[in-house]
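Okay, so here's the structure we're looking at.
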Amino acid sequence: MERKAQILSGVTFIAMLLAIYMVFIYAPIERKMGILQKIFYFHVSTAWIPYLAFLVVFLCSIVFLWRRDKRWDTIAFCSAEIGLVIDTLVLITGSIWAKPAWGVWWTWEPRLTTSLIMWLLYAGYLLLRRSVEEAMRRARFAAVYGIAAFISVPISFMSIRWWRTIHPVVIKPTGIELEPPMITALIVCLVAFTLFYFCLLQQRYRLKKIKDEIEDIKSELGG
Amino acid sequence: MNYIRQILTIVSKDIAAEIRTKEMLNSMLVFVILIMVIFHFAFGEVFEGVEIAVGILWGAFLFAAVLGLNRIFVHEKDEGCLDGLMLCPTDRAVIYFGKVLSSLIFIFVVQMLALPIFFVFFIKMIPLSNLWLLLLVIILSNVGITSVGTLLSAISINTKARDLMLPILFFPVIIPILIAAVKLTGLIMTASKFSGDILIWLRMLAIYDIIFLLVGFLTFEYVLEE
Amino acid sequence: MQDSPLIRAEGLSKIFGRRKVLQDINFELEKGEFLTIIGPNGAGKTTLIKILATLVLPSSGSVSIDGFDLRKDSVSIRERMGLISHNPLLYGDLTAYENLLFYGRMFGIKDLEARISQLLEKVELGHRKFDVVRTFSRGMQQRLSIARVLLHNPSILLLDEPHSGLDPHATDILDDLLENLKREDRTFIMATHNLEKGLEHATSILILSQGRVVFQGEKRDLDIANLREIYTRFVSE
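Here it is as structure tokens:
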């Protein structure tokens with residue numbers, strides 16, 4: 001386990017360095033928006049991580065209810081936490097990107113809005129966990145909410161999109177033409193951030209398990 | 224057949240208790256009117272037109288629904304009757320559907336009392352020609368609201384935060400319903416006849432209802448078990 | 450099925466989070482017996498009763514009741530079983546009649562009206578039939594709770610601290626009712642921390658302490674003095 005974790009961290013580190021090189025040096029500067037366009041790489045490659053993280057929450061929740069093994073609940077919790085942190089980053093980079101692209105800090109555009117709704121859903125998920133004392137009950141409640149919340153995400157996305165198509169979009173997004181080196185840089189960046197997610201998940205899981213073990217020892221000594 | 228009889232037994236028990244105390248219906252009704260008044264002042268003089276009125280209507284409906292949903296398990300929980308209900312020879316899903324139906328009825332009753340007031344306050348006339356369509360939209364939305372709300376109410380009543388938890392869990396999941404309901408109500412009040420857009424949104428509501436009834440049906444037993 | 454006991458629990462455990470509430474509980478009970486489970490507060494008595502009542506799932510181990518598996522056939526078990534807990538499990542806003550009507554319909558009982566009248570007479574509450582339960586005294590609620598449990602004529606009765614919170618008069622009425630019920634060929638499991646009451650009704654005794662069975666014995670080998678001695682020996686802290 002320990003060895004695998006080290007390899008994953010090492011690979012992630014190299015991938016991140018490579019991504020930074022690709023974004024800032026390898027990829028050319030975009031003509032219309034200049035250096036500001038660089039945040040696009042980080043925004044796009046982080047934007048999909050919350051979906052991945054919350055999919056992991058969803059799947060682990062199902063397996064937990066089926067198998068009743070607390071490990072699945074722990075993974076779901078860790079993934080939700082990481083997903084929420086990265087979703088926060090997505091919202092921030094999204095705003096920074098929206099300013100030069102559309103001239104406003106925030107736009108109720110379907111993808112950005114869905115990221116915001118996801119943020120609310122999983123903030124609720126973590127609040128729910130804090131509000132239940134007993135471990136197995138917390139795991140069951142969180143699993144049920146983890147399932148319901150994830151199922152609502154695509155429905156939210158669809159309805160926001162239909163809503164926009166009927167409402168005329170006031171701000172027209174300015175399209176950017178991606179040159180081949182830009183696409184390569186984007187792919188490298190995507191891979192690096194995905195590895196980063198798994199690396200974080202692995203470390204968070206390890207930490208959480210140690211913390212649980214300490215709690216076990218404490219309660220045994222105390223009782 | 225057995226299941227349907229048991230579901231109706233739960234519903235009639237809830238209705239009998241509610242008719243005696245009226246605590247849920249009364250507070251929901253006062254609350255719904257209160258929210259309309261608050262929105263009226265919040266929007267002040269800029270308030271004009273159907274679109275904002277429709278937003279007020281659904282804002283008021285949703286807040287009142289949360290108020291009611293928070294109460295749907297209070298008696299079962301505080302008087303220990305959930306154990307009594309769970310000792311009955313039946314599926315946990317029967318309890319779920321019973322409670323969905325009860326809250327559906329309570330919320331609908333309050334909405335029907337509040338709707339005329341809404342028309343008088345904000346629309347100044349009643350769109351009689353499309354009234355049946357409006358009722359369909361309200362009922363379809365209610366199915367979604369209560370199918371999610373009952374499940375989450377059973378969860379939140381068992382947390383430390385209790386009534387604080389439900390709105391936090393409930394509102395983000397219910398956003399698609401809000402969007403569809405507002406959209407549909409707006410279309411119905413402004414358009415003179417049935418259009419393709421209305422059909423799209425009705426379908427969206429129906430899909431949501433089916434999915435979330437299914438989710439509630441499949442997961443409710445995990446909320447109750449210990 | 451003739452030679453196997455009515456209730457058999459094997460290796461029953463329940464863990465709540467980190468707390469091991471019950472550990473490796475084994476017992477058997479024949480038809481017509483009265484098992485009393487004695488233990489201090491927090492020994493796991495209520496959890497054991499709730500597991501037998503299908504309200505709580507065991508973490509491991511198995512229970513069979515009347516040939517039915519607790520996990521798979523919980524509905525069949527619930528049809529045969531009634532629970533009287535210290536909580537009456539009644540709706541305060543409904544009348545005695547409405548409460549019994551509700552539970553009776555849930556159990557699909559035939560001739561419900563007649564059954565309700567008969568049971569209300571039995572627990573001496575016929576005169577309060579249409580009164581709201583909230584206005585009842587604790588003892589009356591407990592009696593109504595017994596009527597509720599007897600609606601579907603269960604062959605197994607689970608009692609969880611039925612005497613707690615009752616005044617002496619209500620306790621006498623409850624004991625009389627229990628004596629009558631014992632003549633009706635039912636099987637009983639009662640959890641209590643009251644040694645006298647526990648021994649009075651029992652045919653066999655089981656002492657729980659910190660989630661484990663520390664003593665099992667027949668009533669005919671015991672009197673209250675040596676039961677108290679055994680209890681203090683095993684449940685010292």
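Residue numbers (the working numbering), protein chains in the order written: chain A, 1 to 223; chain B, 224 to 449; chain C, 450 to 686. Where is the CB? At the ideal position from N, CA and C, for every residue including glycine.
Would you grab the beta carbon distance between residue i and residue j for me? Rounded to a whole angstrom, and I think it's under 8 Å.
i: residue 612 of chain C; j: residue 490 of chain C; result: With a Cβ gap of about 14 Å, residue 612 of chain C and residue 490 of chain C do not count as contacting.
i: residue 27 of chain A; j: residue 185 of chain A; result: 4 Å
i: residue 373 of chain B; j: residue 257 of chain B; result: Wrong, their Cβ atoms sit about 24 Å apart, outside the cutoff.
i: residue 480 of chain C; j: residue 497 of chain C; result: The Cβ separation is near 20 Å, so there is no contact.
i: residue 313 of chain B; j: residue 524 of chain C; result: 7 Å
i: residue 332 of chain B; j: residue 248 of chain B; result: 6 Å
i: residue 607 of chain C; j: residue 654 of chain C; result: Their Cβ separation, rounded to whole angstroms, is 16 Å, which puts residue 607 of chain C and residue 654 of chain C out of contact at 8 Å.
i: residue 285 of chain B; j: residue 251 of chain B; result: So it is not a contact: roughly 12 Å between Cβ atoms.
i: residue 234 of chain B; j: residue 325 of chain B; result: 5 Å
i: residue 136 of chain A; j: residue 465 of chain C; result: 7 Å
i: residue 421 of chain B; j: residue 407 of chain B; result: 6 Å
Have a look at the options and flag the residue whose alpha-carbon is nearest the alpha-carbon of residue i.
i: residue 486 of chain C; options: C:661, C:531, C:464; result: C:661
i: residue 243 of chain B; options: C:483, C:665, C:541; result: C:541
i: residue 47 of chain A; options: A:217, A:216, A:140, A:110; result: A:110
i: residue 537 of chain C; options: C:583, C:553, C:468; result: C:583
i: residue 500 of chain C; options: C:482, C:483, C:519, C:515; result: C:519
i: residue 475 of chain C; options: C:671, C:681, C:665; result: C:665
i: residue 484 of chain C; options: C:640, C:603, C:553, C:659; result: C:640
i: residue 354 of chain B; options: B:306, B:409, B:376; result: B:409
i: residue 338 of chain B; options: B:277, B:396, B:313, B:398; result: B:277
i: residue 533 of chain C; options: C:522, C:605, C:673, C:466; result: C:605
i: residue 462 of chain C; options: C:478, C:502, C:508; result: C:508
i: residue 628 of chain C; options: C:571, C:650, C:610; result: C:650
i: residue 439 of chain B; options: A:163, A:154, A:144; result: A:144
i: residue 514 of chain C; options: C:477, C:659, C:546; result: C:477
i: residue 283 of chain B; options: B:308, B:429, B:255; result: B:255
i: residue 680 of chain C; options: C:591, C:482, C:543, C:656; result: C:656
DSSP on residue i, reduced to helix/strand/coil?
i: residue 358 of chain B; result: helix
i: residue 475 of chain C; result: strand
i: residue 508 of chain C; result: coil
i: residue 70 of chain A; result: helix
i: residue 606 of chain C; result: strand
i: residue 572 of chain C; result: coil
i: residue 7 of chain A; result: helix
i: residue 313 of chain B; result: coil
i: residue 640 of chain C; result: strand
i: residue 170 of chain A; result: With a pLDDT of only 44 at residue 170 of chain A, under 50, the local geometry of the prediction cannot be trusted, and the value read off the model is given with reservation. Reduced to three states, the DSSP call for residue 170 of chain A is coil.
i: residue 139 of chain A; result: helix
i: residue 557 of chain C; result: coil
i: residue 450 of chain C; result: For residue 450 of chain C, the predicted structure reports a pLDDT of 44, less than 50, and the residue's modelled location is therefore unreliable. The matter cannot be settled from this model.
i: residue 318 of chain B; result: helix
i: residue 544 of chain C; result: strand
i: residue 631 of chain C; result: helix
i: residue 432 of chain B; result: helix
Could you tell me the boundaries of the beta strand (DSSP E) in which residue i lies?
i: residue 417 of chain B; result: Here residue 417 of chain B belongs to no beta strand (DSSP E), and DSSP marks it neither H nor E.
i: residue 666 of chain C; result: 661 to 667
i: residue 589 of chain C; result: Run containing residue 589 of chain C: none in the beta strand (DSSP E); it sits in the alpha helix (DSSP H), 587 to 599.
i: residue 654 of chain C; result: 653 to 658
i: residue 694 of chain C; result: Since the first residue shown for chain C is 450 and the last is 686, residue 694 of chain C is missing from the structure and cannot be characterised.
i: residue 485 of chain C; result: 483 to 487
i: residue 279 of chain B; result: Where residue 279 of chain B is concerned, there is no enclosing beta strand (DSSP E), although the alpha helix (DSSP H) it sits in stretches over 273 to 294.
i: residue 533 of chain C; result: 530 to 534
At what residues does the alpha helix (DSSP H) containing residue i begin and finish?
i: residue 229 of chain B; result: 225 to 244
i: residue 128 of chain A; result: 110 to 130
i: residue 211 of chain A; result: 180 to 222
i: residue 673 of chain C; result: 673 to 683
i: residue 521 of chain C; result: It is not in any alpha helix (DSSP H) - residue 521 of chain C carries neither H nor E in the DSSP assignment.
i: residue 45 of chain A; result: 39 to 47
i: residue 387 of chain B; result: Unbroken run through residue 387 of chain B: none, as it is neither H nor E.
i: residue 495 of chain C; result: 494 to 501
i: residue 300 of chain B; result: 297 to 301
Kindly indicate if chain E contains any beta-carbon less than 7 Å away from that of residue i.
i: residue 73 of chain A; result: No chain E is present in this structure, whose protein chains are A, B and C.
Quiz item: Is it a yes or a no for the segment 190 to 206 of chain A touching the segment 89 to 97 of chain A, going by three-plus beta-carbon pairs under 8 Å?
Solution: no
Quiz prompt | Segment contact flag, the segment 2 to 20 of chain A with the segment 188 to 198 of chain A, C-beta cutoff 8 Å, min 3 pairs | solution = yes
Self-check item: Cβ contact check for the segment 286 to 302 of chain B and the segment 338 to 358 of chain B: 3 or more pairs under 8 Å
Solution: no
Quiz item: Using 8 Å as the threshold, is the segment 392 to 407 of chain B in touch with the segment 369 to 384 of chain B, meaning 3 or more CB pairs across them?
Solution: yes
Quiz item: Touch check for the segment 97 to 111 of chain A and the segment 32 to 40 of chain A: three-plus C-beta pairs under 8 Å?
Solution: yes
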